[in-house]
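Asks:
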Amino acid sequence: MEQGSTWTLSDGNKYTVVSIVKEKKKKYVYLINRSEIQKFIIAEYTGDEIIEVVDPDLLEVLIVKFNEDLKENLPKIISEYI
Amino acid sequence: MLTDEQKREIVGKFINPEKDFEKAANGMILLTAEASKRIADEYGLEIKEGGRYNPKDIIDYILRREGQKLAAAESIKRAEARKQEIKKAKVDKILACIKGAIEAGEESFAIAQRINIDCGDIETQIIFEVLDNWKENEHYIQADSIKKNYYLILNRNAAIVRFTNSHATIKNKEVLTRGLIEDVFSYYTKGVMSLGHLLYALNQAEIEPEIIEAVKAGFYTKYEPLFIEKYSKMNLTQEQLIDDVMKNYVLGDVFDTRLILTYISKMEDASYDVEDIAYQMYKKDGDEKAVFQILVKQGLSAEEYAQELLNLDLYYPVDCVRRTMNLMKIGYKGVPYEAVFDLYEKGQKTVSEEESELEHHDESVAVLVGDELVESDKIPVEQRDEADAAKHFLRLKIVEKKREIKKSEKKKTLAVLLAASGIIPVIVLTWQFRVDPVIAARNIAASLSQLADGTIGIAGLLPKGEQLVGLLSGAALAFAGLMKKRKHNKRIKELKEDLAELEGPQEPQREQEVEEDLENVESLAPKSKKGRR
Numbered sequence: 010m011e012q013g014s015t016w017t018l019s020d021g022n023k024y025t026v027v028s029i030v031k032e033k034k035k036k037y038v039y040l041i042n043r044s045e046i047q048k049f050i051i052a053e054y055t056g057d058e059i060i061e062v063v064d065p066d067l068l069e070v071l072i073v074k075f076n077e078d079l080k081e082n083l084p085k086i087i088s089e090y091i
Numbered sequence: 029m030l031t032d033e034q035k036r037e038i039v040g041k042f043i044n045p046e047k048d049f050e051k052a053a054n055g056m057i058l059l060t061a062e063a064s065k066r067i068a069d070e071y072g073l074e075i076k077e078g079g080r081y082n083p084k085d086i087i088d089y090i091l092r093r094e095g096q097k098l099a100a101a102e103s104i105k106r107a108e109a110r111k112q113e114i115k116k117a118k119v120d121k122i123l124a125c126i127k128g129a130i131e132a133g134e135e136s137f138a139i140a141q142r143i144n145i146d147c148g149d150i151e152t153q154i155i156f157e158v159l160d161n162w163k164e165n166e167h168y169i170q171a172d173s174i175k176k177n178y179y180l181i182l183n184r185n186a187a188i189v190r191f192t193n194s195h196a197t198i199k200n201k202e203v204l205t206r207g208l209i210e211d212v213f214s215y216y217t218k219g220v221m222s223l224g225h226l227l228y229a230l231n232q233a234e235i236e237p238e239i240i241e242a243v244k245a246g247f248y249t250k251y252e253p254l255f256i257e258k259y260s261k262m263n264l265t266q267e268q269l270i271d272d273v274m275k276n277y278v279l280g281d282v283f284d285t286r287l288i289l290t291y292i293s294k295m296e297d298a299s300y301d302v303e304d305i306a307y308q309m310y311k312k313d314g315d316e317k318a319v320f321q322i323l324v325k326q327g328l329s330a331e332e333y334a335q336e337l338l339n340l341d342l343y344y345p346v347d348c349v350r351r352t353m354n355l356m357k358i359g360y361k362g363v364p365y366e367a368v369f370d371l372y373e374k375g376q377k378t379v380s381e382e383e384s385e386l387e388h389h390d391e392s393v394a395v396l397v398g399d400e401l402v403e404s405d406k407i408p409v410e411q412r413d414e415a416d417a418a419k420h421f422l423r424l425k426i427v428e429k430k431r432e433i434k435k436s437e438k439k440k441t442l443a444v445l446l447a448a449s450g451i452i453p454v455i456v457l458t459w460q461f462r463v464d465p466v467i468a469a470r471n472i473a474a475s476l477s478q479l480a481d482g483t484i485g486i487a488g489l490l491p492k493g494e495q496l497v498g499l500l501s502g503a504a505l506a507f508a509g510l511m512k513k514r515k516h517n518k519r520i521k522e523l524k525e526d527l528a529e530l531e532g533p534q535e536p537q538r539e540q541e542v543e544e545d546l547e548n549v550e551s552l553a554p555k556s557k558k559g560r561r
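So the sequence lines, in the order shown, correspond to chains C and X. Position 77 of the first sequence, counted from 1, bears residue number 86 in the working numbering, the numbering being contiguous throughout. Position 47 of the second sequence, counted from 1, bears residue number 75 in the working numbering, the numbering being contiguous throughout.
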């Protein structure tokens, strides 16, 4: 499972994968910078790269999906890390 | 359920009414002893010597058993059809994944990675079946390479475990290094994994960096004679040599052009033009490292390097030249990068205005500046740096994926996940207030990070994840309360403004409506609770 794993991106920063959801046959990922947790990226995830989502309408849809995903899976993930 | 026709057919197979019935002494009609024995044998029943069955009982038995067999066969058939249906869906998913990746111009390793990620829920056997059958169509050239890379990816984790287990107990560094070199060499030459993956595995197994370096050097030492011997014997033309090297993927992520060129130059009868080989390899592989090799010549001055780079602009994309310069900066000491870069930039400025404009037009992309998407070539020069930064931020490669094992890192992951659980609900709430989502998301994430920071210390004290989630849900609710209050305050302000705008007694009804609205809103507003944050 990729949720909770750490990705190093080509900007040199490490990010935690908070959630991955699907929307219209594409995968989207919600990443939080491990060093500065106020920095986050919501992006399309193509397998080997990520492309930041800047369309507000899509962001609105995605955020709700991420929220649902977190509600469902977070207790399990957190238990794994305690 | 058997039909009458099926029943007749089944009974007819076992009983011949003309021969198999006889009348018993008591007047009852029974099967003959021979027919009874035959049926008993067929169904594995026990029957006394000379015993005879009552026809009704045995026919009921036969029909029940045959009915069961038929139902079982139908059930198996249905299950098999369902299995095939599921398999077809899986095959279609794999095919779509591969086709999509090929259409996106991805190379075999990226395709294999995509299969590994997107089709992780599908059995490996089916994936290999698809790749085997893939040869049947026009993409056959890539199939073997995809298969090999997929195999490498699958083996990587297994190799980490094997390496860790087999070498973890060896304390003597020299013995450990020697053993690892042998293992790495054996894995590589057997084609189990690429050198890059093996070194990655060692890194994951937390083998000390200096040992990994020694393993790499040892591997090169062992591999060099094999390479030279193989290619010396083959007597290839320059083009054939390049083709073969590329085909065998010797030029891998770690096995770089520099090494290949070194080996080639050591071949006894080498009449190869090493510089030309580097160019040809770049053309085939698109590897800027090959371009870099052309530039790494002892004794070149900064001016000469810069001139070489400018010359390269004629043949290669500017991106490639820039990446080459980056390599000079980070990978190789002794190259006067800064001086080369300055001279290169100066040389670039001598390009005619017309060419320059054309180039900018070609490179124009939409980038995020602040919160707006802007065509990059329409951005004022002074803002280009910001735009460039935004352009890079929009698209990032995933360099590495891993699951944290160290306790401290796991704790950090936990903190990040907790922050996320607080941020998201508030973003959702914010959007209900029609705040610009991008700005809201960023601002709220920033302020909530403090909340998440605060929970890091608590995390270790709480025994169960559910309690933490409860705590954060509480925090999110508190924020929700604040946001709700803000909404009411905003509405009250609007209504008061409406009220102020109303003039004279000509609209008493409207005025009354506004006042009523105001009262309603105030009565519904959440009351602040003292002592609660």
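All residues carry an ideal CB built from backbone N, CA and C; glycine is no exception.
Could you tell me whether the Cβ atoms of residue 57 (chain X) and residue 51 (chain X) are closer together than 8 Å?
Replies: yes
Asks: Just how far apart, CA to CA, sit residue 233 (chain X) and residue 433 (chain X)?
Replies: Approximately 11 Å between the Cα atoms of the pair.
Asks: For residue 299 (chain X), write down the residues that DSSP places opposite it in a beta bridge.
Replies: Answer by DSSP bridge pairing: none, since residue 299 (chain X) is not bridged.
Asks: Comparing C-alpha positions only, which one of C:61, C:77, C:56 and C:71 sits nearest to residue 135 (chain X)?
Replies: C:56
Asks: Determine the direct distance from the alpha carbon of residue 26 (chain C) to that of residue 53 (chain C), and round the result to whole angstroms.
Replies: Computed Cα separation, rounded: 13 Å.
Asks: With a threshold of 8 Å on Cβ separation, who are the neighbours of residue 20 (chain C) within its own chain once the five nearest residues in sequence on each side are excluded?
Replies: none
Asks: Thinking residue 43 (chain C) and residue 23 (chain C) are a contact (beta carbons under 8 Å), I'd like their distance in whole angstroms, please.
Replies: 5 Å
Asks: How big is the Cα-Cα spacing for residue 248 (chain X) and residue 72 (chain C)?
Replies: 49 Å
Asks: When you compare only the Cα positions, how much space is there between residue 137 (chain X) and residue 112 (chain X)?
Replies: 29 Å
Asks: Consider the Cβ of residue 32 (chain C): report whether some Cβ of chain X lies at a distance smaller than 8 Å.
Replies: no
Asks: Would you identify the three-state DSSP class for residue 17 (chain X), choosing helix, strand or coil?
Replies: Any answer about residue 17 (chain X) is impossible in this case: the structure gives chain X only from 29 up to 561.
Asks: Quick one: list the residues of chain C neighbouring residue 146 (chain X), beta-carbon separation under 9 Å, in chain order.
Replies: 36 and 56
Asks: Bridge partners of residue 50 (chain X), per DSSP?
Replies: X:58
Asks: Assuming residue 208 (chain X) and residue 243 (chain X) form a contact by the criterion Cβ under 8 Å, report the distance between their Cβ atoms to the nearest whole angstrom.
Replies: Sure, about 5 Å apart at Cβ, within 8 Å.
Asks: Does DSSP classify residue 174 (chain X) as helix, strand or coil?
Replies: helix
Asks: With a threshold of 6 Å on Cβ separation, who are the neighbours of residue 87 (chain X) within its own chain once the five nearest residues in sequence on each side are excluded?
Replies: 39
Asks: Using CA coordinates, which residue listed in X:174, X:101, X:98 and X:148 is at the minimum distance from residue 118 (chain X)?
Replies: X:148
Asks: Tell me which residue opens and which closes the beta strand (DSSP E) that residue 423 (chain X) is part of.
Replies: First-last of the beta strand (DSSP E) with residue 423 (chain X): 423-430.
Asks: If the cut-off is 8 Å on Cβ atoms, which residues from the stretch 146-162 of chain X count as contacting chain C, listed in chain order?
Replies: Flagged, chain order: 146.
Asks: So with CB distances below 8 Å, who are the chain X contacts of residue 18 (chain C)?
Replies: 424, 425, 426 and 427
Asks: Starting from residue 60 (chain C), trace the beta strand (DSSP E) both ways and give me its first and last residue.
Replies: 58-61
Asks: Count the other CB atoms, across all protein chains shown, that sit within 10 Å of the CB of residue 28 (chain C); report buried if there are 16 or more and exposed otherwise.
Replies: buried
Asks: Could you have a look at residue 159 (chain X) and say whether DSSP puts it in helix, strand or coil?
Replies: Look at residue 159 (chain X) here: in three-state DSSP terms it is helix.
Asks: Counting only C-beta atoms, is residue 27 (chain C) closer than 8 Å to chain X at any point?
Replies: yes
Asks: Please report whether the beta-carbon of residue 445 (chain X) lies at a distance below 8 Å from any beta-carbon of chain C.
Replies: yes
Asks: Note down, in chain order, every chain C residue with its Cβ under 7 Å from the Cβ of residue 432 (chain X).
Replies: Ordered by position in chain C, the residues that pass the 7 Å Cβ test against residue 432 (chain X) are 15.
Asks: Is there at least one Cβ from chain C nearer than 8 Å to residue 175 (chain X)'s Cβ?
Replies: No, its Cβ sits nowhere closer than 8 Å to a Cβ of chain C.
Asks: Based on Cα-Cα distance, which residue from X:145, X:60 and X:176 lies nearest to residue 156 (chain X)?
Replies: X:176
Asks: For chain C, find out if any of its Cβ atoms is closer than 8 Å to the Cβ of residue 440 (chain X); answer yes or no.
Replies: Residue contact with chain C for residue 440 (chain X): present (Cβ-Cβ distance below 8 Å to some residue of chain C).
Asks: So with Cβ pairs under 8 Å, would you call residue 504 (chain X) a contact of chain C?
Replies: Per-residue confidence for residue 504 (chain X) stands at a pLDDT of 43, beneath the threshold of 50, marking its modelled position as unreliable; the derived number appears in the next sentence. Residue 504 (chain X) does not count as touching chain C.
Asks: Quick check on residue 160 (chain X): buried or exposed, where buried means 16 or more other Cβ atoms within 10 Å of its Cβ?
Replies: exposed
Asks: Would you check whether the ligand GDP has a heavy atom nearer than 7 Å to the C-beta of residue 86 (chain X)?
Replies: The ligand GDP is absent from the structure shown, which contains no ligand whatsoever.
Asks: Give the single residue among X:305, X:68, X:370 and X:130 whose Cα lies nearest to the Cα of residue 331 (chain X).
Replies: X:370
Asks: Pull up the DSSP beta-bridge partners for residue 40 (chain C), would you.
Replies: According to DSSP, residue 40 (chain C) bridges with C:26 and C:50.
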